[in-house]
Amino acid sequence: MTDNIPLQPVRQKKRMDSKHRSGCCECLRCCGRRDPRPRTVWLGHPEKRDQRYPRNVINNQKYNFFTFLPGVLFNQFKYFFNLYFLLLACSQFVVEMRLGALYTYWVPLGFVLAVTVIREAAEEIRCYMRDKEVNSQIYSKLTARGTVKVKSSNIQVGDLIIVEKNQRVPADMIFLRTSEKNGSCFLRTDQLDGETDWKLRLPVTCTQRLPTASDLLQIRSYVYAEEPNIDIHNFVGTFTREDSDPPVNESLSIENTLWASTVIASGTVVGVVLYTGRELRSVMNTSNPRSKIGLFDLEVNCLTKILFGALVVVSLVMVALQHFAGRWYLQIIRFLLLFSNIIPISLRVNLDMGKIVYSWVIRRDSKIPGTVVRSSTIPEQLGRISYLLTDKTGTLTQNEMVFKRLHLGTVAYGLDSMDEVQSHIFSIYTQQSQDPPAMKGLTLATKVRKTMSSRVHEAVKAIALCHNVTPVYESNGVTDQAEAERHYEDSCRVYQASSPDEVALVQWTESVGLTLVGRDQSSVQLRTPGGHILNFTILQIFPFTYESKRMGIIVRDESTGEITFYMKGADVVMAGIVQYNDWLEEECGNMAREGLRVLVVAKKSLTEEQYQDFEARYVQAKLSVHDRSLKVATVIESLEMEMELLCLTGVEDQLQTDVRPTLETLRNAGIKVWMLTGDKLETATCTAKNAHLVTRTQDIHIFRLVTNRGEAHLELNAFRRKHDCALVISGDSLEVCLKYYEYEFMELACQCPAVVCCRCAPTQKAQIVRLLQERTGKLTCAVGDGGNDVSMIQEADCGVGVEGKEGKQASLAADFSITQFKHLGRLLMVHGRNSYKRSAALSQFVIHRSLCISTMQAVFSSVFYFASVPLYQGFLIIGYSTIYTMFPVFSLVLDKDVKSEVAMLYPELYKDLLKGRPLSYKTFLIWVLISIYQGSIIMYGALLLFESEFVHIVAISFTSLILTELLMVALTIQTWHWLMIVAELLSLSCYIASLVFLHEFIDVYFIATLSFLWKVTVITLVSCLPLYVLKYLRRRFSPPSYSKLTS
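Numbering (my numbering), first residue to last: 1266 to 2312.
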């Protein structure tokens, strides 16, 4: 299916990636093109263009055929250590510096580069195939000769393109016509903005009225559009038809657009292409997230710098002991080459391959199904998280709304009293169907009841009309789609909307008797309890935006001709719009404290004259090209005054499964959890208590709303006096505190057991993550599920996306993607802990392996008058770090100190890792001392026990070295895996088998003697036995915390 093509997620709207932007500018400059500017596009006439446009080619590759190898090599050698090994290998072409066969240096370097090149090539080929699939898709184009087939890559600005249902939109287009009889179409935009809801799009009115699609080529018309930009939520343009009398002018907005990478969900559409190639909104929004380098990798780099310092010092000491005789500078270079093993070239490869194994293990874990590793470079970060920053809606909660409360001011209806609402609705419509004169002799009680019924009816009708929900009918095997749509079949109906809140409200009105059965761009149909259909004409719709926090609709009742303006929104904005009342603020607070999401519903009746006056001003404002949104908002605000307050609605968002035990696990692991949400203060506080983010014993300090420096100072002082207290603060107060008292606020907040930030903007979420990193130096993990969490996820050291109802944008932008919040516990406690401990052991063992052979070389050179002669040559030096020891050493990535069940049961084990003990200067120094001890014992032992020939030194010392390494791996392993045993036996077999071919370096007859065997055995025992004894004594008298749980 075309809509399943994986595309990179849209990043933050506020800025384009600097690299991406500068690349675009350079490209434009070198091609002799000016910056993008507004354009006039003639329908069906691409040749009438007023400027050059880019080809409609999607290209996500980093390199092309010519730049691939130079690009990959440059990216490798811009790092000091890779460049260092290249210089070493190149130095072997100089005769005075040559220490042995060329392949001794070139083969290891070649292997490392080959692994990198193959990995990059595989990624590039995958990328190329993905791009080719998108660029080769076939579309229908309207031309004067009829409909022709055209590849996506050959589409030009001005082409009229036909897009079928379930087909991807190939370029940014203006929507001209649809086959749907309701005159609109639905778009699936999850690949563009990450939202799973369908978006309603409207065609240009003038072109939709034309008899056939081919008439589009007969009219003389054009679209004037703004210059290409990255804003996917807004568009400003105009449509003009010149050959009509008078000429037709229509304003175009986001509702008339079909952006590339969206998918048509209903009908067949025709559009005119506006933007192509790199000017597409989706391409301009695609920027590679910053490449995250793990703290572990930085620590390893630091250790390798220390090793480089040691290499230089040892080389200088060796030359100094020769009293800088002769060409001493050449001797320094020879010693640098001789001891180059001190810095292990295989370290980077081993760690990178280890990360791939960890990623594979995470993906294969059946206890956390659906988990995806999108960034395989930082799995060790998961083992050292100190701060977890989480979104609320859809992350901690299910984003599954249940209608809980209807409040009319004097009376409130809960779940247990919804049957009363139903009876009120039923009574209203049964009364309306009876003859009004028969109702004259009403008692007072009946009048009161009628008043209450009419109030309930007005509230329910407003909720049933004021929304952007569309009922969609699907065949259910018994009834086909057309029949279901004609008879408003209940069993075939599903509701589509931009928010689950809206669907919950409409489903509730259906449950109490007023059902939304039909909707198109100009009308709404409701069904009463008696089956009667009420028709309403939609005159205007004002959609919900995050800035306005409200939505409105103006409808005309077809039966009475009454025009009514309905509006619903957040209490903070609606309080200033509705008529004065004394209960709104208090009841909103009460409902929010119960954890309900509150909406205020209001209405205003309009006369025909009032509406006509408004419409004229509104159309005028929409046609303006400059400051259009400001002018439109001003006109709408003129209506939003003295509205009649109808009701409050309370919808509950239920917690996800196992949120409480997961948060408790994280807290016991020493991780502080901060909740950052856009929801209101009371709802956020209630969810924090409900989820046990704040324990029952902890106090909550609600930070007062502060607007200036003095207020912030007083409130911070008040907070300073509290101890072991959770903090709840709003986004506005947070902004003031960070402006004047950033250091003091962060210091106090970091001491809190939990922090809740409500009314938080996406940029504020990212700012908090950044401040935590700067102020504490600790690792942060951000978890979210919506597009508004992307900036926070990308800013954190470790970003985790939850695939939820808000779409895939967060999960596509994250380093790790999970399906439920509860999986986070296992991801950190088990996989994060194992990855970090395994990499720490692996890196230190690779360093030990290199230091051992370097120590032996140092002893050998010291004994033989500081000569710069290599101890081992040719294949011995290559085989040592590859086939003889590679498999057992790498098998450490399968090691684990405790079972996963124990790690989950005792999250306190995770807390030990936060101190960074598995890889520290102390552990590094211990491994250095072990390497020096073992290297010295093996070399001095071989020198003491060899009899006559130098080749016997090589045989004894090299065999002892291999056996020592294999035994040391066995000493390091804590839980044996069958692959570890296979690796040990395989390496030993490879060494024994290869002795037959190594007669150039080793005396084959000597190694078959008993003398050789006892000497090797003694040396190996002396080098390893003391370490085994020390390990036993340490576990006996000072056992690590995990060993107490496994014994």
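Ideal Cβ positions, reconstructed from N, Cα and C, are used throughout, including at glycine.
Point to revise | Bounding residues of the alpha helix (DSSP H) (the contiguous stretch that carries TYR2293) | key: Counted from its first residue, the sequence shown places residue 2293 at position 1028. Its alpha helix (DSSP H) spans residues 2275-2302.
Exercise for review: Quick one: which unbroken beta strand (DSSP E) runs of 3-plus residues sit fully inside the stretch 1950-2006? Chain order, please.
Suggested key: 1964-1967 and 1990-1995
Check your understanding: Is GLU1507 closer than 8 angstroms to SER1479 when the C-beta atoms are compared?
Key -> On the sequence shown, residue 1479 is found 214 positions in, with the first residue counted as 1. On the sequence shown, residue 1507 is found 242 positions in, with the first residue counted as 1. Not a contact, by the Cβ cut-off of 8 angstroms.
Review point. Would you call the stretch 1531-1539 and the stretch 1415-1424 touching, i.e. three or more CB-CB distances under 8 angstroms?
Key: yes
**Study point:** Nearest neighbour of GLY1841, chosen from LEU1560, LYS1814 and PHE1604 [CA to CA]
**Key:** The sequence position of residue 1841 within the sequence shown is 576, counting from 1. Nearest of LEU1560, LYS1814 and PHE1604 to GLY1841, Cα basis: LYS1814.
**Study point:** beta strand (DSSP E) runs contained entirely in the stretch 1730-1814, provided each spans 3 or more residues
**Key:** 1735-1738, 1758-1761, 1780-1784, 1788-1792 and 1798-1807
Review point. If you run the structure through DSSP and keep just helix, strand and coil, what is GLU1917?
Key: Within the sequence shown, the letter at position 652 stands for residue 1917. If DSSP states are grouped into helix, strand and coil, GLU1917 belongs with the strands.
Review point. How would you label PHE1668, buried or exposed, when you count the other beta carbons within 10 angstroms and need 16 or more for buried?
Key: Here residue 1668 refers to the residue found at position 403 when the sequence shown is read from its first residue. It counts as buried.
Check your understanding: What's the call for ALA2051, buried or exposed, on a 16-neighbour Cβ count within 10 Å?
Key -> The sequence position of residue 2051 within the sequence shown is 786, counting from 1. This sequence places Gly at residue 2051; Ala is not what is there. GLY2051 comes out buried.
Check your understanding: Looking at the unbroken alpha helix (DSSP H) that takes in GLU1389, where does it start and where does it end?
Key -> Position 124 of the sequence shown, counted from the start, is the residue given in the question as residue 1389. Taken as a continuous stretch (DSSP letters only), the alpha helix (DSSP H) holding GLU1389 covers 1368-1400.
Check your understanding: Where does SER1580 land, buried or exposed, given buried means 16+ other C-beta within 10 angstroms?
Key -> Counted from its first residue, the sequence shown places residue 1580 at position 315. Under this definition SER1580 is a buried residue.
Point to revise | CB-CB length for PHE1440 against THR1522, believed under 8 angstroms | key: The sequence position of residue 1440 within the sequence shown is 175, counting from 1. The sequence position of residue 1522 within the sequence shown is 257, counting from 1. That belief holds up - the Cβ atoms of PHE1440 and THR1522 are roughly 7 angstroms apart, short of 8 angstroms.
Exercise for review: For SER2119, I'd like the list of residues in its chain whose CB is within less than 6 angstroms of its CB, leaving aside the five on either flank, ordered along the chain.
Suggested key: In the sequence shown, counting from the first residue as 1, residue 2119 sits at position 854. So the list reads PHE1604, ASN1606 and ILE1607, once near-sequence residues are dropped.
Check your understanding: Does the separation of the CB atoms of SER1651 and VAL1638 fall below 8 angstroms?
Key -> The sequence position of residue 1651 within the sequence shown is 386, counting from 1. The sequence position of residue 1638 within the sequence shown is 373, counting from 1. No, the pair does not count as a contact, with Cβ atoms beyond the cut-off.
Check your understanding: Between GLY1915, THR1774 and LEU1958, which lies nearest to ARG1932 when the distance is taken from Cα to Cα?
Key -> As a position in the sequence shown, residue 1932 is number 667, starting the count at 1. Looking at the Cα atoms, LEU1958 is the closest of the given residues.
Point to revise | Separation of TRP1524 from VAL1322, as counted between CA atoms | key: Against the sequence shown, residue 1322 aligns to sequence position 57. Against the sequence shown, residue 1524 aligns to sequence position 259. Straight-line Cα distance between these residues: approximately 15 angstroms.
Exercise for review: Excluding the 5 residues preceding and the 5 following PRO1319 in the sequence, name in chain order all residues of the same chain whose CB lies nearer than 7 angstroms to its CB.
Suggested key: Here residue 1319 refers to the residue found at position 54 when the sequence shown is read from its first residue. So the qualifying residues of the chain are THR1541, GLY1542, ARG1543 and GLU1544.
Check your understanding: So THR2188 is in the alpha helix (DSSP H); what residue range does that whole segment cover?
Key -> Position 923 of the sequence shown, counted from the first residue, corresponds to residue 2188. Looking at the DSSP string, the run of the alpha helix (DSSP H) that includes THR2188 is 2186-2210.
Point to revise | Spatial neighbours of ASP1766 in its chain, beta-carbon cut-off 6 angstroms, leaving aside the 5 residues before and after | key: For the purposes of this step, residue 1766 is taken as the residue at position 501 of the sequence shown. For ASP1766, where only same-chain residues beyond five positions count, the Cβ hits under 6 angstroms are MET1666 and VAL1916.
Point to revise | Whole-angstrom C-beta distance between VAL1993 and LEU1913, which should lie under 8 angstroms | key: Here residue 1913 refers to the residue found at position 648 when the sequence shown is read from its first residue. Here residue 1993 refers to the residue found at position 728 when the sequence shown is read from its first residue. No, LEU1913 and VAL1993 are not in contact; Cβ-Cβ is about 23 angstroms, not under 8 angstroms.
Review point. Applying the criterion that 16 or more other CB atoms from any shown protein chain within 10 Å of the CB defines a buried residue, is GLN1885 buried or exposed?
Key: Indexing the sequence shown from 1 puts residue 1885 at position 620. So GLN1885 ends up on the exposed side.
Check your understanding: Would you say THR1505 and SER1516 are within 8 angstroms of each other, going by their C-beta atoms?
Key -> Locating residue 1505 in the sequence shown gives position 240, counting from the first residue. Locating residue 1516 in the sequence shown gives position 251, counting from the first residue. The answer is no: Cβ separation not under 8 angstroms.
Check your understanding: How should ASP2054 be labelled, buried or exposed, when 16 other C-beta atoms within 10 angstroms of its C-beta is the threshold for buried?
Key -> In the sequence shown, counting from the first residue as 1, residue 2054 sits at position 789. Per the 10 Å Cβ criterion, buried.
Review point. Which term fits GLU2265, buried or exposed, when burial requires 16 or more other beta carbons within 10 angstroms of its beta carbon?
Key: For the purposes of this step, residue 2265 is identified with residue 1000 of the sequence shown, where counting begins at 1. With fewer than 16 Cβ atoms within 10 Å of its Cβ, GLU2265 is classed as exposed.
Review point. Quick one, are the C-beta atoms of LEU1595 and GLU1361 less than 8 angstroms apart?
Key: Residue 1595 sits at position 330 when you count from the first residue of the sequence shown. Residue 1361 sits at position 96 when you count from the first residue of the sequence shown. Yes. Within cutoff.
Exercise for review: Go through the stretch 1833-1870 residue by residue and report every complete run of the alpha helix (DSSP H) that reaches 4 residues or more, in order.
Suggested key: 1836-1839 and 1849-1858
Review point. Exposed or buried, ASP1964, counting other C-beta atoms within 10 Å across all chains shown (16 or more means buried)?
Key: Within the sequence shown, numbered from 1, the residue matching residue 1964 stands at position 699. Exposed: under 16 other Cβ atoms inside 10 Å.
**Study point:** Span of the alpha helix (DSSP H) around TYR2175
**Key:** Indexing the sequence shown from 1 puts residue 2175 at position 910. Taken as a continuous stretch (DSSP letters only), the alpha helix (DSSP H) holding TYR2175 covers 2173-2178.
Exercise for review: Below 8 angstroms on the Cβ atoms is my guess for MET1816 versus LYS1868; work out the distance and round it to an integer in Å.
Suggested key: Residue numbering aside, residue 1816 sits at position 551 when the sequence shown is read from its first letter. Residue numbering aside, residue 1868 sits at position 603 when the sequence shown is read from its first letter. Their Cβ separation, rounded to whole angstroms, is 13 angstroms, which puts MET1816 and LYS1868 out of contact at 8 angstroms.
Exercise for review: Just mark GLY2049 as buried or exposed, buried being the case when its beta carbon has 16 or more other beta carbons within 10 Å.
Suggested key: What you label residue 2049 is simply residue 784 of the sequence shown in a count that begins at 1. Under this definition GLY2049 is a buried residue.
**Study point:** Reference THR1408, options VAL1488, GLY1309 and ALA1857, closest by Cα
**Key:** Locating residue 1408 in the sequence shown gives position 143, where the first residue counts as 1. Taking only the C-alpha atoms, the option nearest THR1408 is GLY1309.
Point to revise | Start-to-end residues for the alpha helix (DSSP H) that takes in TRP1463 | key: Taking the sequence shown and counting its residues from 1, one reaches residue 1463 at position 198. Unbroken run through TRP1463 is the beta strand (DSSP E), 1463-1466; no alpha helix (DSSP H).
Exercise for review: Count the CB pairs spanning the stretch 1917-1926 and the stretch 2075-2090 that are closer than 8 angstroms, and state whether there are at least three.
Suggested key: yes
Practice item. In angstroms with no decimal places, state the Cα-to-Cα distance between GLY1297 and GLN1316. Key: In the sequence shown, the residue the question calls residue 1297 occupies position 32. In the sequence shown, the residue the question calls residue 1316 occupies position 51. In this prediction, GLY1297 has a pLDDT of 40, which is less than 50 and means its spatial position is unreliable; what the coordinates show is noted afterwards. One C-alpha to the other measures close to 12 angstroms.
Check your understanding: Got a sec? Which residues, its chain only, sit under 6 angstroms from GLY1674 by beta carbon, not counting five neighbours each side?
Key -> Within the sequence shown, the letter at position 409 stands for residue 1674. So the list reads TRP1848, once near-sequence residues are dropped.
**Study point:** Runs of beta strand (DSSP E) wholly within the stretch 1425-1496 (minimum 3 residues, chain order)
**Key:** 1425-1428, 1437-1443, 1450-1453, 1463-1466 and 1486-1490
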